[in-house]
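**Student:**
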Ligand code: SIN
Ligand code: CO
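In our numbering, the protein residues as written are 78 to 457.
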């Protein structure tokens, strides 16, 4: 269990004053911090096929080598960093580090990236597109952080390694175990280990228009939707046949916005898209056949149902229904199941009696059977 102290700020004060606005040093954010994993365990994860990892070095210039690794010789005794993405998906103790940040909605949290640096190791001066909390574990690291600067130019120091030039620091500090930096998007930063160091980055995500529109178009294609076509039964003669008139432009624009404004279509899309997985995860689909007729008996035997590590799930409350989005799937349930769906999404583990209260309904039993069969929620 990690308890977060954001200096003497309340969570709401942090959100109002710093979130997405300016960087913050949170000295002693976690008291008596204990690393949830050892450097060797991190190296073990970086050997796995489905896990994204890289080693960044700065000897004569910057070098970036992508994993998986069989040989850790690039991780030299100086000026080297091993970085592993989505460690929360694979390591339940490391995943605990995300919990204190749940005062920010789950869907905004991306993953826990963990790095191990040898003395002098870092990824160079750069900025990120997303908010991040960087937690200092083992060792110490010297960090400099600048204010948000949307005009700052990025350049490629090496394939896959974007950096920025010199910047003025508003935070210049040696982080010790349990210290945390909050860094908003577009704030330049750089950190170099002063002794072998572990860092934990709680990363966030925020889709842009291109992500959303291209995914929405894919959704329409996959479900054979969006077939309304331009019509002009009231066409009249005009002087210029070459002109595309303003009213025609508005009509074309409306074809696009009507598709987006159709709640039946857009809510299902957004539930599936926002919950879609980005990285592989440690899901164990059930070998046992489980369906709507057996799911209640199955659950009766166990006190808790656990959410799989890194599972992406959200719910959308409507007047008469609640939509659950999980790992790119969606389930539309009558609103009477709101408490169960909310508990599944909000909590890492749910008491099974709370679920069993809802299994009188066939739709709900079908959904639960699918969620358990796929390994999204599991019993222990
Ligand atoms: C790191 O842990 O070395 C990288 C963290 C970051 O600056 O994004
Ligand atoms: Co960064």
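Backbone N, C-alpha and C fix where the C-beta goes; we use that ideal spot for every residue, glycine too.
Expressed to the nearest angstrom, what Euclidean distance is found between the alpha-carbon atoms of residue 302 and residue 399?
**Tutor:** 22 Å
**Student:** Do the segment 349–364 and the segment 396–410 make contact, defined as three or more Cβ pairs closer than 8 Å?
**Tutor:** yes
**Student:** Is the separation between the beta-carbon of residue 124 and that of residue 193 shorter than 8 Å?
**Tutor:** Taking 8 Å as the Cβ cut-off, residue 124 and residue 193 do not qualify as a contacting pair.
**Student:** Residue 248 and residue 102 look like a contact to me (Cβ under 8 Å); what is the Cβ gap, rounded to whole Å?
**Tutor:** 5 Å
**Student:** Would the C-beta of residue 158 count as close to the ligand SIN, meaning under 7 Å from any of its heavy atoms?
**Tutor:** yes
**Student:** Using the beta-carbon count (16 or more within 10 Å), is residue 218 buried or exposed?
**Tutor:** It is buried - the Cβ of residue 218 has at least 16 other Cβ atoms within 10 Å.
**Student:** Is residue 194 a contact residue of the ligand SIN, with contact defined as CB to any heavy atom under 7 Å?
**Tutor:** yes
**Student:** Straight-line CA distance for residue 270 to residue 238?
**Tutor:** 18 Å
**Student:** DSSP three-state call for residue 143: helix, strand or coil?
**Tutor:** In this structure, residue 143 counts as strand in the three-state DSSP scheme.
**Student:** From residue 343 to residue 160, what distance separates their C-alpha atoms?
**Tutor:** 36 Å
**Student:** Between the beta-carbon of residue 163 and the beta-carbon of residue 129, is there less than 8 Å?
**Tutor:** Pairing residue 163 with residue 129 gives a Cβ-Cβ distance under 8 Å.
**Student:** Just grab the DSSP bridge partners of residue 333 for me.
**Tutor:** Bridge partners of residue 333: none, in fact.
**Student:** Taking 8 Å as the threshold, find out whether the segment 199–214 comes into contact with the segment 83–90 through three or more Cβ pairs.
**Tutor:** no
**Student:** If we call anything under 8 Å between Cβ atoms a contact, is residue 454 one with residue 348?
**Tutor:** no
**Student:** Where does residue 394 fall in DSSP's three states?
**Tutor:** Looking at residue 394 - three-state DSSP - the assignment turns out to be strand.
**Student:** Please find out if some non-hydrogen atom of the ligand CO comes closer than 7 Å to the beta-carbon of residue 328.
**Tutor:** No; taking the cut-off as 7 Å, the Cβ of residue 328 has no heavy atom of the ligand CO nearer than that.
**Student:** Using alpha carbons as the reference points, say which of 131, 135 and 278 lies closest to residue 171.
**Tutor:** 278
**Student:** Are residue 282 and residue 187 closer than 8 Å when you measure CB to CB?
**Tutor:** yes
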